[in-house]
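Here the structure is laid out as structure tokens; the discussion comes afterwards.
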Amino acid sequence: MQLNTKLLSGLALLCLSLASQAEILPEAEVGIKIPLAKKPTTRPMTVAYLPGNQHYYIADGGLAPMGTEFEAPISKSEVHAYTANGQYVNSAKPGFDNRSLYYNANSNKLETITYNISTAAGFSPNTGIFSIEVNDKGEVLTSSGDISQFNPAFGDAGTMPSYDAASNLYYAKQEHGNLVFVVDNKQREKLKEIKLDFSKAQVAYDDVSDHFVGFTGVAGNELALLDVDHKTVLIFDLNGQYVGKSALPKTMKLRSHNHFNGAGYSNGMLFVYHENEGEFGTYYGFKVVK
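Under mature numbering (1 follows the signal peptide of the UniProt record, and there is no 0), residues -22 to -1, 1 to 268 are what the sequence shown spells out, in order.
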């Protein structure tokens, strides 16, 4: 039986195309820089991108004050809007202690996951997953909507889960270790645990981001983890196997807070907060996987 040479050529091109899509960049490429236009209200947490209006949104995170007869226990953390080229638009205070901010392609909304989503540190108001409204100009508003209440499946109180809209699953990095919980928010228990191979990656748990791992959406290179101490981005697959790494600029001066906040994955880029640059710090968006 003779094989169709055109078919073989097509399959070969397809394989090459898939391989190129899964390429890890040895040196991370800067896709965008967003200098913060105002001082973060609390701690700069994470970054989301809305493809519909081509705006970036940066969320601060911090606990709410104790409630009094004069003031409700609502977080003073703000969410800030920026254009596609990093120009400041506005800020608003929806009232959440944000940990993860992301675009949900299924709901077509900007959504936030709060601190203590699992109530591991005890129940507090405004805990769960919420939508945050934006207007036609891309401005972030104070109005919001309820999506779900607390869910113990997320594990650690400080986790900054990443969202995969295609599977409708969350990936919640657990602190002080290599575990990532896979969560279906409709269930009250995690679906499974992913154990990231730190041994092969040659890192210890205190080298890397304690609460955040990014979901890239690239098959075989799905999870991106910031290695703070070695200024690299480590890439793992969904089995936790180490795939490779992408080096960040040696000139970056990352600080201790980069272990706990100031990270995100959106619009095909891993975001890292660089406190030393600009009056209030700058977010870098790095392309690490094609």
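Each residue gets a CB set at the ideal place from its N, CA and C atoms; glycine is no exception.
Item                                                                                                                                                       : Value
In the structure shown, what three-state DSSP assignment does tyrosine 262 receive?                                                                        : strand
Measure the C-alpha to C-alpha separation of histidine 252 and alanine 59 and round it to an integer number of angstroms.                                  : 18 Å
Per DSSP, histidine 58 forms a beta bridge with which residues?                                                                                            : Ile36 and Ser69
Report the rounded CA-to-CA distance for valine 186 versus aspartate 114, giving the unit in angstroms.                                                    : 38 Å
Within its chain, find whatever has a CB closer than 6 Å to the CB of residue 276; leave out the 5 residues flanking it on each side and keep chain order. : No statement about residue 276 is possible, as the shown extent of the chain runs from -22 to 268 and does not include it.
What residue from Leu216, Gly222, Leu204 and Lys265 has the CA that sits closest to glycine 240's CA?                                                      : Leu204
Less than 7 Å between the beta carbons of asparagine 94 and alanine 135, yes or no?                                                                        : yes
Applying the 10 Å Cβ sphere with the 16-neighbour rule, what's the burial state of valine 158?                                                             : buried
I'd like the ranges of any beta strand (DSSP E) spanning at least 3 consecutive residues and lying wholly in the stretch 97 to 129.                        : 107 to 112 and 118 to 126
Anyone know if the C-beta pair for phenylalanine 258 and methionine 247 falls short of 7 Å?                                                                : no
On the DSSP letters alone, give me the boundaries of the alpha helix (DSSP H) that phenylalanine 176 sits inside.                                          : 176 to 179
Please classify residue 346 as buried or exposed, where buried requires at least 16 neighbouring CB atoms within 10 angstroms.                             : Residue 346 lies beyond the residue range present for the chain, which begins at -22 and ends at 268; the question has no answer from this structure.
Which of the three DSSP states is assigned to phenylalanine 193 in this structure?                                                                         : strand
Measuring alpha carbon to alpha carbon, tell me which of Leu3, Arg21, Gly73 and Gly9 ends up nearest tyrosine 34.                                          : Gly9
Here's the rule I'm using: 16 or more other beta-carbon atoms within 10 Å means buried, otherwise exposed. How should leucine 14 be labelled?              : buried
Below 7 Å between beta carbons: does that hold for alanine 26 and tyrosine 80?                                                                             : yes
What distance in whole Å lies between the Cβ atoms of alanine 225 and glutamate 5, which are believed to be in contact at a cut-off of 8 Å?                : 5 Å
Among residues of its own chain, excluding the 5 on either side of asparagine 254, which ones have a beta-carbon nearer than 7 Å to its beta-carbon?       : Lys231
So the beta strand (DSSP E) histidine 208 belongs to, where does it begin and stop?                                                                        : Neither: histidine 208 is in no beta strand (DSSP E) and is coded neither H nor E.
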